[in-house]
């Protein structure tokens, strides 16, 4: 999707187009969550100043190669107290991931998947029993929060975590690209300190150094699981 900003930027450059138009366009899409396809933009390409500045060749490239949203919400389940919502998100290839939104103390924590399945095989985790099926793109990670916004469940002003499915450090490039979008002040505007990437400890010594350099201010949480708090 167009939220795979690194891929979109490369496509623009390969076509001789300036990628400077991509970020303002993403900002416009954020302000218009009702727009879920280029057809929804319609006459606004010409009626709104920001969109008029996007060259015709760039519009054609976007419409031909990048969807506004490559996934959709297939099912929604709310807890009895209404504080937690689980979304089943269908990807363009027919696979599915889950997104969990938890509202507490005036805040919303969004837990997003980074992979379909997981290679780590943790026996306490249902996803771990699936094995790894595939990595999500940066766009598919970001779109999970967009679906929450369209449903009025998240305003992107509160903590976000990379959960519940997958090992984020095994999909490092897509996760870092997605987090950079989420913490971009001109787009989602999340504070880096409000974003946590949760890992079971994959290549921790090596990744921790590159993680700190690539995503300054973002927290890296080491997930430790045991039957009792004492054993943990």
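Numbering (full-length UniProt numbering), first residue to last: 1 to 232.
Beta carbons: idealized from backbone N, C-alpha and C, even for Gly.
Computed from a prediction, not measured in an experiment: that's the story for all the values here.
Rounded distance between the beta-carbons of residue j and residue i, thought under 8 Å
i	j	result
residue 97	residue 113	4 Å
residue 99	residue 148	7 Å
residue 95	residue 116	5 Å
residue 83	residue 102	7 Å
residue 61	residue 17	7 Å
residue 122	residue 131	With a Cβ gap of about 12 Å, residue 122 and residue 131 do not count as contacting.
Three-state secondary structure (DSSP) of residue i
i	result
residue 176	helix
residue 157	In this predicted model, residue 157 has a pLDDT of only 48, less than 50, meaning its place in the structure is not dependable; the value taken from the coordinates is given anyway. Residue state, collapsed to three classes: coil.
residue 3	coil
residue 90	strand
residue 215	coil
residue 64	helix
residue 78	strand
residue 208	helix
residue 135	strand
residue 129	helix
residue 16	coil
residue 144	helix
residue 43	coil
residue 8	helix
residue 152	coil
residue 230	coil
residue 171	helix
residue 21	helix
residue 57	helix
residue 187	coil
residue 51	helix
residue 27	helix
Whether residue i touches residue j by CB criterion (8 Å)
i	j	result
residue 53	residue 104	no
residue 167	residue 118	yes
residue 7	residue 36	no
residue 90	residue 71	yes
residue 198	residue 177	no
residue 26	residue 187	yes
residue 292	residue 50	The requested residue 292 does not occur in the structure, where the chain is confined to residues 1 to 232.
residue 108	residue 153	yes
residue 86	residue 77	yes
residue 181	residue 5	yes
residue 47	residue 143	no
residue 200	residue 120	yes
residue 135	residue 174	yes
residue 31	residue 45	no
Bridge partners - residue i, DSSP secondary structure assignment
i	result
residue 202	BP columns for residue 202 are empty, so no partner.
residue 72	90
residue 116	134
residue 84	102
Chain D within 8 Å of residue i, Cβ atoms only
i	result
residue 50	The structure shown contains no chain D; it is built from a single protein chain.
query: Would you say the stretch 208-218 touches the stretch 131-150, given that touching needs at least three Cβ pairs under 8 Å?
result: Pairwise C-beta distances place the stretch 208-218 out of contact with the stretch 131-150, as fewer than three of them are shorter than 8 Å.
query: Do three or more CB pairs link the stretch 51-66 to the stretch 11-31 at distances below 8 Å?
result: Judged by Cβ distances under 8 Å, the stretch 51-66 makes contact with the stretch 11-31, as three or more pairs qualify.
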